[in-house]
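Note sheet for the following structure.
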Amino acid sequence: MAKTSAKNGLQRVATCRVANISELKAKSMDLQIRVGFLAFLWFFAPVPVWADTSANLKQSGSSARLSAENTAIDPQTDRSPVDVAINSSGTWPAGHWVVTVNQTSDSISLVSTKSRTVVDEVVCGDHPTDVVFANDGDRFVVSCAWSGELVVYQLVSNPFPLDTRESSKPVASKSSEGTARRSAEISEITRIRLGFEPSGVALSPDASRAYVGLVASGEVVEVDLVENKISRRVDVGHWPKHLAISPDGKRLAVGCSGDGNIVVIDTTSFELLYEEPLVGGINLGHMVASRDGSQVYFPWMVYRSNPITIGNIKRGWVLASRIGRVRLDGPAYREAISLDVPELAIGDPYGMAITSDEKQMVVTAGGTHELLFYRLPDLPFIGAGGPGDLIERELQYDRKRFDRIPLGGRPLGIEIAEDDRTAYIANYLNNSVQVVDLVKRELLHEIDLGGPDSMSLARQGMAIFHDATRSLDQWYSCHSCHQDGGSNARPMDTMNDGTELTVKTVLPLFDVEKTKPYTWHGWQQSLDDSITKSFTSTMIGKAPSASETTAVRAYLASLELPPNPYRGPDGKLSESAARGRQVFLSSKAACVDCHHGPELTDNEIHDVGLNSKDDFYEDYNTPSLRGTYRKARWLHSGRAKTLERVVTDLHSPEKVNGEAKLTEQEAADLIEYLKTL
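Sequential numbering of the sequence shown, starting at 12, is according to the numbering used here.
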């Protein structure tokens with residue numbers, strides 16, 4: 012999608028893209044299903060001062076506030092926003108500002124909702140993931156996954172006020188002295204080192220504490236925002252990516268995508284109260300607590316462990332989308348509804364918001380590029396024995412209860428303004444914030460955050476990779492199984508092994524061009540052929556063109572593993588991991604016999620004694636061990652849910668090469684080393 016180039020750094024033109032919006036409106040008229048809508052307003056109780064603001068600003072100094080002007084954010088760099096937050100009433104009226112976290116540019120953008128322009132942009136940490144405003148309307152926190160930080164910011168007045176009259180034209184410009192004229196700017200208060208890929212964030216009602224999910228360690232930490240340090244931590248399970256806190260601050264819900272369950276924590280004792288499993292659950296999205304704190308809502312996908320056939324896909328028996336709710340006031344079986352419309356399914360639901368009166372719910376679907384509207388009070392949630400495979404027919408055909416509008420790109424995070432009518436959506440592929448009228452169910456504006464005039468080849472491949480409409484009846488995308496290019500929580504049956512019901516764990520795609528042959532059995536030698544087969548066999552969709560295959564290859568080549576949080580800042584190993592390296596290299600463990608070289612694979616096929624009698628192929632392709640700590644399941648079958656079971660049982664030296672069993676110390680040290688790879 013072509014866009015106007017930036018001529019004044021961060022003073023970007025608020026491109027409304029009227030022609031494209033008109034096209035999207037026209038497409039929405041063609042949708043067979045029209046539905047209802049919903050929105051959500053997130054309130055915090057009055058917030059005490061987190062710390063002495065003036066003192067923090069003095070300590071941070073001007074160097075801590077990294078503006079786009081003094082760090083020269085390239086206007087041609089993609090922003091890729093993943094989340095948005097709206098200010099509540101404070102120095103400025105509620106809803107005056109929207110903040111986005113931008114993953115490709117590692118930046119935060121401040122958007123005026125009046126002028127629909129970006130008025131400030133600052134560099135934050137590496138790979139920002141979540142943003143939450145405090146209810147004072149001036150302060151917000153951002154998690155930066157790859158740099159392992161939680162950063163606290165505040166909005167401060169700029170002496171050069173911005174004309175806030177509504178306009179689709181740029182209203183901020185630079186004076187002859189080069190000073191940007193704007194009414195607010197972003198200032199850093201403090202930066203707290205957490206490590207282990209912080210992701211989802213929730214604030215206590217008084218904003219004195221932040222709760223953060225650490226994806227790499229499977230923990231939730233409580234961060235004291237007065238002392239600016241971790242005060243408590245609790246193990247919750249694999250991949251705690253999203254959190255929600257009850258309005259009274261007593262219960263915290265954690266979506267653990269790696270285990271497919273919801274964990275509920277008592278914030279007073281900071282103990283895990285109970286877990287609610289989601290059978291076959293994967294890819295849990297944003298979470299929203301109800302106003303009375305009794306339950307939490309969230310979207311997710313379910314893998315149903317059936318062979319990939321046309322009939323199974325159409326019935327919703329392979330991958331499907333759900334909205335669920337889990338009690339926060341005590342353990343009870345989860346309730347859910349099915350989202351998928353026959354022949355026009357929902358792909359990759361992610362963002363969620365609910366109106367303050369709890370009458371409407373909205374959900375973004377990045378894979379099918381749309382916004383879903385639901386009337387919340389009479390949604391047909393079902394507990395045990397449900398929901399059905401497809402959307403309930405009475406819901407499907409009732410536009411007051413269910414509706415959908417196309418947005419294009421890849422819509423992700425969403426939040427609703429105090430008017431319960433205006434929604435702001437982070438659109439990753441469009442480099443934009445989209446403004447939707449929830450009453451008219453209409454895309455009103457698209458605010459350009461910056462970026463190149465056209466997509467690079469790799470970004471074109473990214474768009475294809477995340478496009479669920481490439482699959483039969485648009486049920487799922489490549490991303491549905493390969494989350495962010497990596498693995499997933501469930502072993503899956505893709506027929507790549509030549510047989511049905513012989514599930515395999517999803518192999519990560521990082522450095523995939525360097526790790527041929529492909530598939531668990533290593534029968535596939537061509538990456539291009541492997542890509543084509545994924546679209547035509549696994550997704551039962553149309554074969555990509557030669558140029559599309561080239562684009563997907565370019566995207567796969569661009570995928571990066573994040574910095575390993577189990578290593579020191581200089582890459583140094585702990586004492587235990589250093590001992591584990593010696594075990595890894597030893598003839599006793601013999602790991603290095605197959606796992607060597609820069610990718611930790613010999614690119615060969617071996618019989619390691621883990622075959623299934625139902626396998627068509629007998630031997631297995633050596634997987635790379637890079638990024639092992641990021642997995643939720645190990646070995647081809649996914650039978651190992653911990654590294655302990657890999658090295659002491661299923662893949663232990665005595666079973667692989669006939670050597671002696673590892674001692675407890677050797678096994679513990681080897682595991683520590685494997686986490687550092």
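Glycine included, every Cβ here is placed at the ideal spot set by N, Cα and C.
Note that the structure is predicted; figures quoted are calculated from it, not measured.
Check whether residue i and residue j have beta carbons under 9 Å apart
i: T505; j: S548; result: yes
i: W531; j: K544; result: no
i: T659; j: K672; result: yes
i: G304; j: D246; result: no
i: I334; j: L390; result: yes
i: I197; j: E132; result: yes
i: M363; j: L387; result: no
i: W311; j: G266; result: yes
i: R421; j: A474; result: yes
i: Q485; j: G638; result: no
i: Y308; j: N499; result: no
i: S332; j: S316; result: no
i: V337; j: R326; result: no
i: S443; j: E453; result: no
i: V446; j: I365; result: no
i: P92; j: G424; result: yes
i: D539; j: R501; result: no
i: V122; j: V134; result: no
i: N632; j: E615; result: yes
Paired residues, beta bridge with residue i - DSSP
i: Y529; result: Q535
i: V313; result: G292, A331
i: E426; result: Y435
i: D459; result: S443
i: Y164; result: F151, E199
i: A272; result: Reading off the sequence, residue 272 comes out as Asn, not Ala. Answer is C267, P288, bridged to N272.
i: A651; result: W645
i: N113; result: P92, S118
i: S349; result: R333
i: H617; result: Y631
i: M503; result: K515
i: D85; result: None; D85 has no bridge partner.
Start-to-end residues for the beta strand (DSSP E) that takes in residue i
i: S242; result: 240 to 246
i: P664; result: Per DSSP, P664 belongs to no beta strand (DSSP E); it is in the alpha helix (DSSP H), 664 to 667.
i: E233; result: 230 to 235
i: A96; result: 92 to 97
i: L382; result: 381 to 386
i: V122; result: 118 to 123
i: A364; result: 360 to 365
Chain C contact for residue i (CB, 9 Å cutoff)
i: D464; result: The chain inventory of the structure shown lacks chain C, comprising one protein chain alone.
Residue i - containing alpha helix (DSSP H), residue span
i: R592; result: 586 to 596
i: C135; result: Premise fails: C135 is in no alpha helix (DSSP H) and is neither H nor E.
i: A218; result: Looking at the DSSP string, A218 is not in any alpha helix (DSSP H), and its letter there is neither H nor E.
i: Y566; result: 557 to 569
i: R404; result: 404 to 407
i: C693; result: Since the displayed the chain opens at 12 and closes at 688, residue 693 lies outside it and no answer follows.
Three-state secondary structure assigned by DSSP to residue i
i: T674; result: coil
i: E524; result: helix
i: F207; result: coil
i: P251; result: strand
i: R415; result: strand
i: Q371; result: strand
i: A62; result: The pLDDT assigned to A62 is 38, lower than 50, so where the model puts this residue is not dependable; a value taken from the coordinates is nonetheless given after this. The answer is coil: DSSP assigns A62 none of H, G, I, E or B.
i: L518; result: coil
i: M298; result: coil
i: S280; result: coil
i: A474; result: helix
i: N323; result: helix
i: A56; result: With a pLDDT of 35 at A56, under the threshold of 50, the modelled position of this residue cannot be trusted, and the question is left open.
i: L355; result: strand
i: A679; result: helix
i: R127; result: coil
i: F51; result: Note on F51: pLDDT 31, under 50, position unreliable in the model; the coordinate value appears next. Reduced to three states, the DSSP call for F51 is coil.
i: A479; result: helix
i: R656; result: helix
i: F546; result: helix
At a cut of 8 Å, does the region 594 to 601 reach the region 520 to 538 through at least three beta carbon pairs?
Verdict: no, contact absent.
Can we say the region 366 to 384 touches the region 425 to 439, given the rule of at least three CB pairs closer than 8 Å?
Yes: the two stretches touch, three or more of their Cβ pairs being nearer than 8 Å.
Using 8 Å as the threshold, is the region 284 to 291 in touch with the region 250 to 257, meaning 3 or more CB pairs across them?
Contact check between the region 284 to 291 and the region 250 to 257: fewer than three CB pairs, one atom from each, fall below 8 Å, which does not count as touching.
Segment contact, 8 Å Cβ cut-off, at least three pairs: the region 208 to 216 with the region 225 to 233:
At 8 Å Cβ cutoff, the stretches touch.
For the pair the region 397 to 415 and the region 465 to 472, tell me if three or more CB-CB distances fall below 8 Å.
Not touching, per the Cβ criterion.
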